[in-house]
Structure formats: C-alpha cells, structure tokens
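Read through the structure below, which is laid out as structure tokens, and then see the notes.
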Amino acid sequence: MKNEILRLERVTVIRDEVTLLDNFNLHIFQGEIMGLVCINANGKEPLIQLISQNLPIHYGRVYFNEVLVNNYQHSPMTMNKVAVIEQKSRLIEDLSVADNVFVLRRGFRKYVISPRVLNEQFRQFAQEIDADIDGRDLVAHLSPYQKCVVELLRAVIMGAKLIVIRDVSNCIGAADLIRFHELLRYYCGKGFSFLYICNHHEEAFKICTRMSLMKDGKILRVFDRNQFQNDNIVPYYVGEFSDLAALETDVGRKDSILAFQNVCTENLRDMNFSVARGECTVLFDMDNTVLSDIMQIMNGRLHPDSGTVFLEGAVFTQEAAQHALEGAVAFIGEDPIHTMLFKEMSYLDNLCFLLDQKNNGVRLNKRIVRSIAREYEPVIGPEIYETNIMNLKIQSLYDLIYYRIQLFHPRIVFCVQPFAGADMYLRRHLIELINRLKQKGITVIFLSVNIADSLVVADKLIRLEKGRFSSEYLRSEFNIFQSEGITLEELFK
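In our numbering, each number is its position in the sequence shown, counted from 1, plus 55.
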C-alpha cells in the first residue's frame, strides 16, 4: 500500500470574505509527481502557503505524512517538511552554494563551520546526479537552471517530504527543462514526492504521474496517466481558445524589418535571423542563454563584438539603440504590470506616456489627451478615467500596457515571455491584445524560453540553440507541435 504524503480533505479557506479554497481535495503519495494545472490563479498562492504551514482553515482537514496536522477546530501554525522551488530563487545570492545548502537549513547547529567539509559533502550529492556545480561558487554566478538544481539538492538534503515545483518553465530553457524533469524522475524513484504546478496541461503531461485540474480554488478533476489526452481536457478549458483566430500574415512576401547578420557577443555565436515586417515571430531560446543579449543589443546596453544588426535595411548602431524609442522600437518586459506602470499617475497619463518619445512625437496638451480619451473609451470603458490605477484588476493593467504600445504605434515591439505566469483566462486575453497590435501593422517579437500558447498567435518560430540560429518554422509547419504546447523531445531528434 502506498504511503500518503499529503491529503487535503474538503478544505475551505476564506479570507476577507473571499473564498480562496473551496471544498478542496488533494492526495499525494510517496514517490509520485502530482501535477496541478491552474486554469486561473485563484487559490494557487493560498494553497502553497497552506501546504507549507498549518494556517487557519474554515473547514476540512490536512494530513501530512499520514498525521493530522491541521483542521478547522485547531490550526497550530507549525511548518511542514515542504520545499518550494519557483522562478524567484530562495537562495542567498552573495553566499556560496554549499553555505546555502547546508548552513541555512533548519536544524544546522554547528558553531564552527568547515568550508572544506561542506564542499566535499555537496560534491558527493552533486556527483550523484551528474550536476556540474561547485559548492564554492557564489549563487549569483549560477544560471537559472543551476539555481533550480541547487534548490532541489537543498530540499533533498534537508529531508523534505514534499517538494513543490512552481512554474519553473518560465525561467529555464527547454533543454534544461528536460534535464530538470529527469532529476525529478530520479528523486521520485528514491521516494521523494512532488507537486508540479504549471499553467499548461501539455507541460504536466510530460512529467507527471497524475494531474489535477484546478479552477477558482477547487479541483475539477483528477487525471491518471492513461487519461493524459487533449480530448479529455477539451471540456474544461482548451475550448476557450477555439474562437481565437490568428491573423494570417503572408511572411514570404514581406520585406525584412529586422536582421541579425553574424552577430557575436559573449553568448551569441554568429547569430543570423531575420524578421518580416508585420509578422509575429517567436525567438525560442532552447538554452535560456541568448535572449538577454538580444534584448540588450536592441536597447543599446550591449554592443556586439562583431556582426551587424539591420533595422529596416539600415545599420542599427549602438547609438541608435540607445534612442530606440525615438526610432519606434518598443519593449514589453516579463513582468510589465510591476515594471512599466507608474502608480502615482492616472490611467490616461500612463496611456499617453510614450507619445512624446518618438521622433516628431506629439506634444501633449489637454485637447489631445481628451481626444485620445474619446477614441479609446469605447474600447477600454470608464476605467480610462481612473485616477488610481491600483484599483484596477490585473487584466485591466495589461490592457493599459498593450494599449499604450498600440497608441505609441512602434514599428517593432519586443515582448519578453508574454505568457509567463499568466493563467488560462489572462493568456487568452493577451492573445487578443497581441492580435490587435498585429492588426495595426506592428511587428511583434516574442523572446521566449517556453512557447506554450505562443503558436496560437505567431506567424513564425525561430529556434535558437547554443548561441546560434538552429531552425525556422512557418505557421504552415506548426502542425509538428501538439496543441498549444510544444513536444520538446521533437526538437532534439
């Protein structure tokens, strides 16, 4: 009989009169990888908090390692042996790997610390999984994948009974994701249990032994591995994408708006690719090593060691890149609602923020602002007159960001991981916003390490591997990919 590591039995959590977990049921056994696919974000954070610590609940029971640890009558606030690995690393950047793994864990009581002993202990654990990581290295010098491996090793060493993996595909490349999945399977075979949380069923299908589908803080259905088929998911949420028609772009007849020719940096090796005017192109970085360099070249923070970048047929110099907005090159970062909006400014002020940045830009005055408000009010609604944007929902904040770009009307916009961390409903809405940019003739480039959902809106996929151009797929060739998610193993054949 399997040992039960975690059981949430009819758990209900209510805070500030909002139901976060609704009659929630979840069972995880020893040595399995349970997937949790979240149709929306409601309840995801409270669930992780509840699994980690026995916080108050309004109804139900929580069992950990077959012991009742929490119920609606008494919540002891104690911590469970749970580790969480997510995009935001929990490691201390300025300490060594060995210090993070051994010294900072609960229960470490030594007063005299021998770095040599700690490094040797770490070497043995790293060697077991063939991880090329030195215990003496500073965490700040590690790649995102290496940080995930270190956090996994720390969880194993500290004796975690359950390890929560949350949205790691947003921060590590496709090749590294396959390697990380192999590590999870290895430790699963050694008796460790995992809760693998992601926003896309295709990702869960590749790694999980069972999968639960969650919406609004409630489990809709639990799938066994023999039920991992797209047809079984359709009734729950894939149908939400059925009416999203990608705008057809005749890439073959368009002239090039952006081209990299033999561009070299520390991470780029004779990079060559071109993007046609008006198309949506995905730059898919298999190793998560080159996207930062491409971004920094385009915004002027990095000058190529050799090679040439062309924008609309003219050499795109570093000086031109430093004034990219004037040349109508725009950027949408990975977490735009926290990095691109000004909380102290009104909706309209945020919306019009870029208009005077272009060459021959518009000089804003009250008459022009009123005109913009009249033009966009039918699309945005009364929120356009909101003076405190912090009162808006997340979807409305994304509207503000993308309508700002639409109003600015750049020739080209770079979107960094546009679907990262977004639930299904937000992903659907982002696809609609991106299609509107394409309708305006704006060239859209995704910088991505995970292409789930990108192909719904993309016209072309460019695969980058080991710092070089690897292959290119037009929309007519997207049938080699499954559903909205890519089968990563296909790319390595």
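Built from N, CA and C at the ideal position, the CB exists for glycine as well.
Keep in mind that this is a model prediction, so the values were computed, not measured.
**Request:** Classify Ser224 as helix, strand or coil using the three-state DSSP reduction.
**Result:** In this structure, Ser224 counts as helix in the three-state DSSP scheme.
**Message:** At the level of alpha carbons, what is the spacing between Asp478 and Val512?
**Reply:** 17 Å
**Request:** Have a look at Arg459 and Lys521 and give me their C-alpha separation to the nearest angstrom.
**Result:** 35 Å
**Item:** Candidates His236, Gly362, Ile352, of which the one nearest His378 by Cα
**Value:** Ranking the options by Cα distance to His378, first place goes to Ile352.
**Message:** Nearest by alpha-carbon distance to Tyr127: which of Val364, Glu64, Ala428 is it?
**Reply:** Of Val364, Glu64, Ala428, the residue nearest in Cα terms is Glu64.
**Burial state of Gly294, where buried means 16 or more other Cβ atoms lie within 10 Å** = Reliability of the predicted coordinates at Gly294 is poor, the pLDDT of 48 falling under 50, and no value is obtained from them.
**Request:** Can you give me the start and stop residues for the beta strand (DSSP E) that Gly90 sits inside?
**Result:** 88 to 93
**Message:** Measuring straight from C-alpha to C-alpha, what distance separates Glu141 and Cys203?
**Reply:** 8 Å
**Cβ neighbours of His236 in the same chain (closer than 8 Å, five flanking residues each side left out)** = Around His236: Lys261, Ile262.
**Request:** Can you check DSSP and say which residues form a bridge with Tyr118?
**Result:** Arg62, Leu123
**Asked** How about Leu81 and Ile274: are their beta carbons less than 8 Å apart?
**Response** yes
**Message:** So for Leu102, helix, strand or coil by DSSP?
**Reply:** Look at Leu102 here: in three-state DSSP terms it is helix.
**Message:** Tell me the rounded alpha-carbon separation between Asn120 and Lys493.
**Reply:** 52 Å
**Prompt:** If we ignore side chains and look at the alpha-carbon of each, how far apart do Leu207 and Ala314 end up?
**Reply:** 40 Å
**Asked** At which residues does the beta strand (DSSP E) containing Ile517 begin and terminate?
**Response** 515 to 520
**Asked** Buried or exposed: Phe177, going by 16 or more other Cβ atoms within 10 Å of its Cβ?
**Response** buried
**Message:** Using 8 Å for Cβ pairs, my map puts Leu238 next to Val194. What's the rounded Cβ distance?
**Reply:** That belief does not hold up - the Cβ atoms of Leu238 and Val194 are roughly 18 Å apart, past 8 Å.
**Request:** Determine the extent of the alpha helix (DSSP H) in which Thr74 is found, giving its start and end residues.
**Result:** No alpha helix (DSSP H) contains Thr74, which is instead part of the beta strand (DSSP E) from 73 to 84.
**Asked** Is the distance from the Cβ of Arg425 to the Cβ of Gln461 below 8 Å?
**Response** Not closer than 8 Å, so no.
**Item:** Entirely enclosed alpha helix (DSSP H) segments - the segment 456 to 536, minimum 4 residues
**Value:** Fully enclosed alpha helix (DSSP H) runs of 4 or longer: 479 to 494, 509 to 512.
**Prompt:** Under a Cβ-count criterion, where at least 16 other Cβ atoms within 10 Å of its own Cβ denotes burial, should Arg422 be classed as buried or exposed?
**Reply:** The residue in question, Arg422, is exposed, as its Cβ has fewer than 16 Cβ neighbours within 10 Å.
**Request:** Closer than 6 Å by C-beta to Val504: which residues in its own chain qualify, once you throw out the five before and the five after it? Chain order, please.
**Result:** Gly228, Asp340, Asn343
**Asked** Quick check: the segment 517 to 535 against the segment 322 to 336, are there 3 or more CB pairs under 8 Å?
**Response** yes
**Prompt:** If you check the beta carbons only, do Arg209 and Gly90 fall under 8 Å apart?
**Reply:** In this structure, Gly90 does not lie closer than 8 Å to Arg209 by Cβ.
**Asked** Looking only at its own chain, which residues have a Cβ that is under 8 Å from the Cβ of Ser297, when we skip the five neighbours before and after it?
**Response** Its pLDDT being 48, under 50, Ser297 is placed unreliably in this model, and the coordinates cannot settle the point.
**Request:** Indicate the three-state DSSP secondary structure (helix, strand or coil) for Ile147 in the structure shown.
**Result:** coil
**Prompt:** Counting Cβ pairs, one atom from each stretch, are 3 or more of them under 8 Å apart for the segment 108 to 125 and the segment 180 to 188?
**Reply:** no
**Message:** Rounded to whole angstroms, what is the Cα-Cα separation between Leu338 and Arg356?
**Reply:** 20 Å
**Request:** Could you tell me which residues DSSP puts in a beta bridge with Gln270?
**Result:** One point to set straight first is that residue 270 is Lys, not Gln, in the sequence displayed. Answer is Lys273.
**Prompt:** Which ranges does the alpha helix (DSSP H) cover as unbroken runs of at least 4 residues, wholly within the segment 335 to 399, from first to last along the chain?
**Reply:** 346 to 354, 373 to 377, 391 to 394
**Message:** Under DSSP, the beta strand (DSSP E) around Tyr251 begins and ends at which residues?
**Reply:** 248 to 253
**Prompt:** What residues in its chain sit with their C-beta under 6 Å from that of Lys99, if we drop five residues either side in the sequence?
**Reply:** Cys93
**Request:** Specify the secondary structure class of Met445 as computed by DSSP and reduced to three states.
**Result:** Helix.
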